[in-house]
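Colleague:
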Amino acid sequence: MSASSTVVKCRKLIGGVSEGEAIVSKEAINFYLCDPENGVLLEKNHHLKGKSFAHKVVVLPTGKGSSVVQLDGLFQMMEKKNLPKALIVIDPEPVLVSSVYVVNIPLVDRLETDPYSLIEDGDWVKVDADNQTVTITKK
Amino acid sequence: MRLTDEEKKMLDGERGEGVRKAMDMLVAMGKAFDAPRMIPVSRAHCAMSGQEGDTYWCELLVNGGATCKVVPTTNPNWDVPTLTRHYEVPADKLFLARRTDDVYRRIGAAITYCCTPELAGNVPAFGEHVAFSESSATPYVNSILGARSNRESSVSALASAVTGVTPYYGLHIDENRKGNMTVIVDTELNDAYDWGLFGWFVGLHAGTKVPVITFNKKAFSGTRPTPEELLYFTTESSTSGAMPMFHMVGITPEAPTSEAAFGKNKSELELRVTRKDLDEMERLVSDPAGKIHLVLIGCPHYTAAQLREVAELLGSRRIHESVHFWILSSWDAIELSRRSGHLEKIERGGIRVVADTCMDQPPFDQFRGKLNMTDSAKCAHYQKRRGLPFVLRRIGQCIDAAVKGEI
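Top to bottom, those sequences are chains A and Y.
Under this note's numbering, the letters of the first sequence match residues 26 to 164, in that order.
Under this note's numbering, the letters of the second sequence match residues 8 to 414, in that order.
#1: Kindly give me the distance between the Cβ atoms of leucine 278 (chain Y) and isoleucine 406 (chain Y), rounded to whole angstroms, as I take these residues to be in contact under 8 Å.
#2: Give the residues of chain A in contact with glutamate 141 (chain Y), contact being defined as C-beta atoms less than 7 Å apart.
#3: Report the three-state DSSP secondary structure of leucine 99 (chain A) (helix, strand or coil).
#4: Could you check the C-alpha separation between leucine 303 (chain Y) and serine 50 (chain A) for me, to the nearest Å?
#5: Can you pull the chain Y neighbours of glutamine 95 (chain A), defined as C-beta to C-beta under 8 Å?
#6: Could you check what DSSP says for threonine 160 (chain A) in three-state terms: helix, strand or coil?
#7: Can you give the Cα-Cα distance for valine 217 (chain Y) and alanine 262 (chain Y), rounded to whole angstroms?
#8: I need the DSSP call for leucine 415 (chain Y), collapsed to helix, strand or coil.
#9: Would you say serine 56 (chain Y) lies against chain A (beta-carbon separation less than 8 Å)?
#10: If you measure beta-carbon to beta-carbon, which residues of the segment 237–250 of chain Y are closer than 7 Å to chain A?
#11: Measuring only the C-alpha atoms, how far is asparagine 84 (chain Y) from proline 370 (chain Y)?
#12: In chain order, what residues of the same chain have a beta carbon less than 8 Å from the beta carbon of serine 347 (chain Y), not counting five sequence neighbours either side?
#13: Return the CA-CA distance between isoleucine 114 (chain Y) and arginine 50 (chain Y), expressed in angstroms with no decimal places.
#14: Following the continuous alpha helix (DSSP H) through threonine 242 (chain Y), name the residue where it begins and the one where it ends.
#15: Where does arginine 50 (chain Y) sit, in a helix, a strand or coil, going by DSSP?
#16: What are the partner residues of methionine 45 (chain Y), as DSSP defines its beta bridges?
#17: Please report the straight-line C-alpha distance between tryptophan 207 (chain Y) and glycine 23 (chain Y), rounded to a whole angstrom.
#18: Glycine 41 (chain A): which of A:Lys76, A:Asp146, A:Tyr126, A:Ala53 sits nearest, CA to CA?
#19: Under DSSP, the alpha helix (DSSP H) around valine 256 (chain Y) begins and ends at which residues?
#20: Does the segment 87–98 of chain A touch the segment 52–65 of chain A, meaning 3 or more C-beta pairs lie closer than 8 Å?
#21: Is the beta carbon of glutamate 413 (chain Y) closer than 8 Å to that of isoleucine 326 (chain Y)?
#22: Give every residue of the same chain whose Cβ lies closer than 6 Å to the Cβ of valine 317 (chain Y), excluding the five residues on either side of it in the sequence, and list them in chain order.
#23: Just to confirm, are proline 119 (chain A) and valine 84 (chain A) a CB contact at a threshold of 8 Å?
#24: Serine 124 (chain A): buried (16+ other C-beta within 10 angstroms of its C-beta) or exposed?
#25: Buried or exposed: serine 29 (chain A), going by 16 or more other Cβ atoms within 10 Å of its Cβ?
#26: By alpha-carbon positions, which one of Y:Pro79, Y:Arg359, Y:Arg112 ends up nearest to glutamate 125 (chain Y)?
#27: Is it right to say phenylalanine 253 (chain Y) is buried, meaning 16 or more other beta carbons lie within 10 angstroms of its own, or is it exposed?
#28: So if I threshold CB-CB distances at 8 Å, which residues from the segment 213–225 of chain Y count as touching chain A?
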């Protein structure tokens, strides 16, 4: 860990340890609207349209959309080896939690500090769901 | 979380690996949502939709020896014999359709292939605890029927079908069903299409809040909104957002009054809906007008009443020879339409009606890059991923455009 890293506590929803570059979404995400070939979001009117979630640690307010497509979006990204590394969510909802369970990447919530004030695009973020910590190294 | 002895046996693998996986997912969800225990469910609906991620999960369970304790109904896949007569479908997609068919039979589901189980086929009673996926069905069973379901995914609903239980949290509990947001409708709503645009708008703003909705102008023609109007509302609000429950004062069973709908809660947000907002929703979702190649209707599945409406709107006209026009519906609605004489009128005009099929399926991929048309914002929205642009308009305009070949 470098000197400029910050460690905050969180709550484990789905276990595992993973790290990567952060991408911060202000809006809810439906991963079905990503191109699984590269993880790029195709959704019209979303502020991250054209950005990729592949191999990133994604900060998102919540999931959205229909009850089967969220999983299929993540599953197709898994098949193409373009899953996000981990997800940090503010308001978990059942479709997102059960879908992430199937593709098995770390999912955490309840960071002790608001992740939107801590994490910016490009920061390096390690999510250790098993030990319930998130480590942020500013870019 | 406190588990019963039987639930512990399931979690420890004593009931087989498939049951263990299903219970492990439900325990993870129970922990995520601070559930103290599991509760039995009496019904389940799986929104499988022939999607590979879902089929993969069902195979994991069934190959681990799991079968369903509570027989679930199922969302559509696609009608392979009918649609392959018209369109070429790659071998891997055909294989996935068969795999899905096979695995859901093996796990013991009722193969209804219908996305509107709450209208017929799997209708819960007031107060019944159920596990319903299909995002349009969940708010419908909660809000319109007064049954209790969280916003299950296809995979968590299947886990509940296999184990017979769901974590006790969220909308299973009285106080979480109370409203915490106000929606005031300041415009007339003229048909199911308007209700869909209204739903899209509310879904964008509600997040996971529970809106309490009141109407200042005429929003329905009879004594209450039709099932189709309510279904378009729940479909579109669950596509633009994730709203699992709502109240309509004087209409839905848990909202005889505004006070009853809110309980002890305060309204955290007020939303006013005008005609301008609805027009803006159409503009947001729709692609620009032009020559039409495919008209795709029935997301959610068209009801017998809607098939009747199509027969009336079409009259003696025929659709343009260059336009393909499909209506997706449920097998029982199609049979009723046949008996009532509407199906023949529809088919005489060149429109095809097919059961068991979801719009988001490979047969329609050949319309990629071509302009198409629908009356469903959900259809237009999800088809973006397949590269199909859609003009969004009400059904009468879809039929007129199909006759002319353009809009």
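Glycine included, C-beta positions come from ideal geometry on N, C-alpha and C.
Keep in mind the model is a prediction, meaning the values are calculated, not measured.
Modeller: On the basis of the supplied data:
#1: That belief does not hold up - the Cβ atoms of leucine 278 (chain Y) and isoleucine 406 (chain Y) are roughly 33 Å apart, past 8 Å.
#2: Listed along chain A, the residues sitting closer than 7 Å to glutamate 141 (chain Y) by beta-carbon distance are Ser92.
#3: Residue state, collapsed to three classes: helix.
#4: Approximately 32 Å between the Cα atoms of the pair.
#5: By Cβ distance, chain Y contributes Ser160.
#6: Threonine 160 (chain A) falls in the strand class under three-state DSSP.
#7: The C-alpha of alanine 262 (chain Y) is placed about 12 Å away from the C-alpha of valine 217 (chain Y).
#8: Because chain Y spans 8 through 414 in this model, residue 415 (chain Y) falls outside it and cannot be assessed.
#9: Answer yes: the Cβ-Cβ gap between serine 56 (chain Y) and chain A drops below 8 Å somewhere.
#10: Residues of the segment 237–250 of chain Y with a Cβ closer than 7 Å to any Cβ of chain A, in chain order: Ser245, Thr246, Gly248, Ala249.
#11: So the alpha carbons of these two residues sit roughly 11 Å apart.
#12: Excluding positions up to five away in sequence, the list reads Ala311, Arg315.
#13: Cα-Cα distance, rounded: 15 Å.
#14: Segment 234–247, the alpha helix (DSSP H) holding threonine 242 (chain Y).
#15: Here arginine 50 (chain Y) sits in strand by DSSP.
#16: Its beta-bridge partners are Y:Pro174.
#17: Using only the alpha carbons, I get a separation of about 43 Å.
#18: Checking every option, the nearest Cα to that of glycine 41 (chain A) belongs to A:Tyr126.
#19: Annotation for valine 256 (chain Y): no alpha helix (DSSP H) segment contains it, and DSSP assigns it neither H nor E.
#20: Between the segment 52–65 of chain A and the segment 87–98 of chain A, the count of C-beta pairs closer than 8 Å reaches three or more; the two stretches touch.
#21: No, these two residues do not count as a Cβ contact at 8 Å.
#22: Closer than 6 Å at the Cβ level, and outside the excluded window around valine 317 (chain Y), lie Ile353.
#23: A distance of 8 Å or more separates the beta carbons of proline 119 (chain A) and valine 84 (chain A).
#24: Looking at its Cβ environment, which holds 16 or more other Cβ atoms inside 10 Å, serine 124 (chain A) is buried.
#25: Exposed: under 16 other Cβ atoms inside 10 Å.
#26: Considering only alpha carbons, the answer is Y:Pro79.
#27: Buried: at least 16 other Cβ atoms inside 10 Å.
#28: Those residues of the segment 213–225 of chain Y placed with their C-beta closer than 8 Å to a C-beta in chain A are Gly214, Thr215, ordered along the chain.
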